[in-house]
Each structure stands twice: as C-alpha cells, then as structure tokens.
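Asker:
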Amino acid sequence: MAHYISTLAENSLLGPPVIERRPQAKKWRRQCEPHYPQRGLNPLEKRAHRAAVIEALTINVDEGLDGFVSGFLHMPPDFIKPAPTTHHRTAAILLSGAGGGVTGPSSIYLSLACKLATLSTGIPTLRLDYRAPARNRYCVQDVRAAMAYLEDMYGLNRFILVGWSFGGAPVFTVAGGDKRVVGCATVASQTAETEGIRKLAPRPLLLLHGTADRTLSSTCSERLFSMYGDRRNGRLQLFEGDNHVLSGNAQAAEAMLCDFIASCAGLRIGEEEHAMVVEEELIQDGERKSLMKRGGDLRAPETED
212 MAHYISTLAE NSLLGPPVIE RRPQAKKWRR QCEPHYPQRG LNPLEKRAHR AAVIEALTIN
272 VDEGLDGFVS GFLHMPPDFI KPAPTTHHRT AAILLSGAGG GVTGPSSIYL SLACKLATLS
332 TGIPTLRLDY RAPARNRYCV QDVRAAMAYL EDMYGLNRFI LVGWSFGGAP VFTVAGGDKR
392 VVGCATVASQ TAETEGIRKL APRPLLLLHG TADRTLSSTC SERLFSMYGD RRNGRLQLFE
452 GDNHVLSGNA QAAEAMLCDF IASCAGLRIG EEEHAMVVEE ELIQDGERKS LMKRGGDLRA
512 PETED
C-alpha cells in the first residue's frame with residue numbers, strides 16, 4: 212500500500228519537489244491552492260480562460276526501495292473529487308528517461324500537462340519522477356503507486372501512460388499486466404524490458420522517434436511496432452533527421468501526444484479548442500534544453516542526441 216503526502220509547488224513547476232520524510236504516515240495530506248504556470252505558460256490561461264491547479268506530490272512506495280517518488284500533478288480547475296460517473300475517469304502519467312526528471316523530451320511534458328488539464332473536459336496529468344532511474348523493477352512500482360494514488364484520491368481508474376527513452380520499459384511493463392491502462396505512447400523508446408507491449412493490443416499505441424537519434428535508433432520503435440502487432444490501433448511516426456528529444460519537431464510531437472491522450476480518454480477536441488489550446492506554443496525552442504536540465508531530464512546517462 213502507498214501512503215501519500217502532497218505539498219504545493221510554490222516557486223517551480225520543474226522540481227524535483229521537496230520530499231517530506233514521513234514513512235509512518237497512515238494517510239495522505241494535501242494543501243491544494245491554485246498554482247498557475249509561470250513565465251511562458253501564461254498565454255494558455257489568457258486564451259482558454261482556464262488554468263490547471265498544479266500540485267507537487269510525494270508518494271510513499273512501500274515496495275522495494277524505501278522512500279518516496281515525487282512528481283507534479285496538473286488538475287483541471289473544476290475537477291470534482293471523486294470523479295462523478297458522468298465525467299471521464301481517465302488520467303495521464305508521463306515518464307522520463309534513464310536519468311529521471313519531470314519535463315520530458317524537449318520539455319514537452321511541461322506544456323503537455325498544462326494543456327491536457329486546461330481542456331474544457333480536462334484530463335488530470337501527472338509528471339512522475341523515479342526513485343531509482345533506469346531500474347525498471349522499481350520504476351514499475353513507482354507507476355503502480357502513482358496509479359493507486361490517483362484512484363484512491365480522485366476516483367480515477369483508467370490510465371494513459373507516456374514514456375520517453377528508458378520510460379518505455381515501465382510503460383509497457385505496467386500496461387502488459389494492468390487493463391486499467393487504456394493506451395500507451397512513447398518517444399524514442401528503448402526495446403529492453405518492453406515485452407509487455409505484446410499484451411497491449413487492441414489498446415491504442417503511439418510511437419514517435421527521430422531517424423537521426425544517436426542514443427536509441429529509430430529501429431527500436433520499428434521493432435516495438437512489430438511486437439505490438441496491431442496496425443489498426445497502433446501508429447508509428449518517424450521524424451526524418453530528428454534526434455533523441457525530437458528538438459526539431461517538439462511542437463508537432465506534443466500536439467500528437469495531446470490528441471492521442473484525449474482520444475484514449477474518449478474525448479473529442481473541437482477545432483476552436485484545438486487551435487486555442489493544443490496548438491498554442493507555450494515553450495520557445497530556445498528554452499527547451501535549459502528547462503530539461505532544470506527538470507532533471509538530462510541527467511546522465513540521458514542525452515539529447
């Protein structure tokens with residue numbers, strides 16, 4: 212069983228948040244006040260007239276290693292707890308690479324989470340770090356603890372998992388054994404420890420990869436697509452000449468992920484909302500690498516090439 216402690220992120224969306232060491236805590240605690248995106252993300256609030264409630268979380272994971280896994284939860288401003296039966300009960304969980312972190316490739320996760328939570332029917336989105344990056348056994352436990360948190364706290368019981376690089380391993384390992392996962396997407400995924408993808412179909416799959424990736428060849432995603440074995444419900448998108456973080460196509464990749472996650476949640480984004488929210492450029496290309504560094508996503512052994 213996982214116990215939960217959550218604290219408001221006061222000054223940063225990037226993290227990692229300060230961890231409260233309370234291993235004996237029997238209940239989660241919350242301090243939830245509206246916390247809006249910082250510089251570069253405010254245009255979404257102005258255009259959509261909505262802003263996500265962003266909360267820094269620490270989740271105690273009892274399995275395996277002692278300690279807490281941290282992350283940032285983006286909640287729709289009007290979300291009712293627990294989710295009413297008339298509302299979709301789906302959340303997205305975003306996982307980074309072998310160095311951990313909370314901003315994702317080219318800082319896509321930072322803006323993607325804000326957009327998903329800001330949609331008219333917002334999707335709760337968790338940017339999750341790892342206790343022990345690159346150790347799939349423990350990262351899988353982190354994801355399962357996060358799913359338990361979202362279900363216990365908010366009544367969310369359907370999940371879309373997104374992973375970058377190493378993050379494909381926990382994504383497909385969890386999805387292969389848990390039918391609550393209703394869709395998976397990866398960016399530049401590895402193939403090691405991804406056998407769970409064989410059990411994913413007919414649940415939807417989206418694979419994104421740059422053909423000039425020098426960290427993990429795009430043949431990794433091609434092999435994963437073959438392992439998945441369902442061309443009707445899966446999509447492989449290769450970006451010609453792009454690298455491990457899709458720096459040349461970050462905005463396009465982000466929009467594809469947003470559309471995919473909404474579709475898995477059973478939501479349709481109208482043309483006006485798509486232009487207003489999904490297509491809004493919240494992060495400038497010149498900021499993406501520095502935000503990745505601040506978010507911990509370029510810690511060794513991860514690279515941008």
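If you count the sequence shown from 1, you need to add 211 to reach the numbering used here.
We put the beta carbon where it would ideally sit given N, CA and C, even for glycine.
Keep in mind that this is a model prediction, so the values were computed, not measured.
When DSSP labels each residue in this structure, what does PHE290 get in the three-state scheme?
Answerer: For the purposes of this step, residue 290 is taken as the residue at position 79 of the sequence shown. If DSSP states are grouped into helix, strand and coil, PHE290 belongs with coil.
Asker: Let me check you understand the geometry: is the CB of GLU491 closer than 8 Å to at least one non-hydrogen atom of the ligand MG?
Answerer: For the structure depicted, the ligand MG is absent and the ligand set is empty, with no information on it obtainable.
Asker: What is the DSSP secondary structure of TYR247, reduced to helix, strand or coil?
Answerer: Numbered from 1 along the sequence shown, position 36 holds the residue referred to as residue 247. Because the pLDDT at TYR247 is just 32, under 50, the model does not fix this residue reliably, and the point stays unresolved.
Asker: Do LEU306 and LEU284 count as a contact pair if the criterion is CB distance below 9 Å?
Answerer: Here residue 284 is taken as the residue at index 73 of the sequence shown, counted from 1. Here residue 306 is taken as the residue at index 95 of the sequence shown, counted from 1. Not closer than 9 Å, so no.
Asker: Whole-angstrom Cβ separation of GLN352 and GLY282, contact assumed at under 8 Å?
Answerer: Along the sequence shown, one-based indexing puts residue 352 at 141. Along the sequence shown, one-based indexing puts residue 282 at 71. So it is not a contact: roughly 14 Å between Cβ atoms.
Asker: If you reduce the DSSP assignment to three classes, tell me which class GLY506 lands in.
Answerer: Position 295 of the sequence shown, counting from 1, holds the residue named residue 506. In the structure shown, GLY506 sits in a helix (DSSP, three-state: H, G or I).
Asker: Taking 7 Å as the limit between beta carbons, can you name the residues of its chain near SER331, skipping five residues before and five after?
Answerer: Sequence index remark: in the sequence shown, residue 331 carries index 120 (1-based). Closer than 7 Å at Cβ, skipping near neighbours: GLU484.
Asker: From LEU339 to ALA486, what distance separates their C-alpha atoms?
Answerer: Within the sequence shown, numbered from 1, the residue matching residue 339 stands at position 128. Within the sequence shown, numbered from 1, the residue matching residue 486 stands at position 275. When rounded, the distance between both Cα atoms is 27 Å.
Asker: Which complete alpha helix (DSSP H) runs does the stretch 312-379 hold, if anything under 4 residues is left out?
Answerer: Runs of the alpha helix (DSSP H) lying entirely within the stretch 312-379 and spanning at least 4 residues, in chain order: 319-329 and 347-365.
Asker: By DSSP's criteria, ARG446 is part of a beta bridge. Which residues make up the other side?
Answerer: As a working mapping, residue 446 is identified with position 235 in the sequence shown. Partner(s): LEU417.
Asker: Any idea what DSSP makes of ILE472, helix, strand or coil?
Answerer: By one-based count along the sequence shown, residue 472 stands at place 261. Looking at ILE472 - three-state DSSP - the assignment turns out to be helix.
Asker: With respect to the alpha helix (DSSP H) encompassing LEU435, which residues constitute its N-terminal and C-terminal limits?
Answerer: Working through the sequence shown from its first residue, we reach residue 435 at position 224. Counting along the chain, the alpha helix (DSSP H) containing LEU435 begins and ends at 430-439.
Asker: Label LYS326 either buried or exposed according to how many other C-beta atoms from any shown protein chain fall within 10 Å of its C-beta, with 16 as the threshold for buried.
Answerer: Translated into the one-based positions of the sequence shown, residue 326 becomes position 115. With 16 or more Cβ atoms within 10 Å of its Cβ, LYS326 is classed as buried.
Asker: Let me know if ARG342 comes out buried or exposed under the rule of 16 or more other beta-carbons within 10 Å of its beta-carbon.
Answerer: Residue mapping note: residue 342 aligns to position 131 of the sequence shown, counting from 1. Classified as buried, ARG342 has 16 or more neighbouring CB atoms from the shown chains inside 10 Å of its CB.
Asker: At 4 residues or longer, and completely inside the stretch 451-498: list those alpha helix (DSSP H) runs for me, N to C.
Answerer: 461-475
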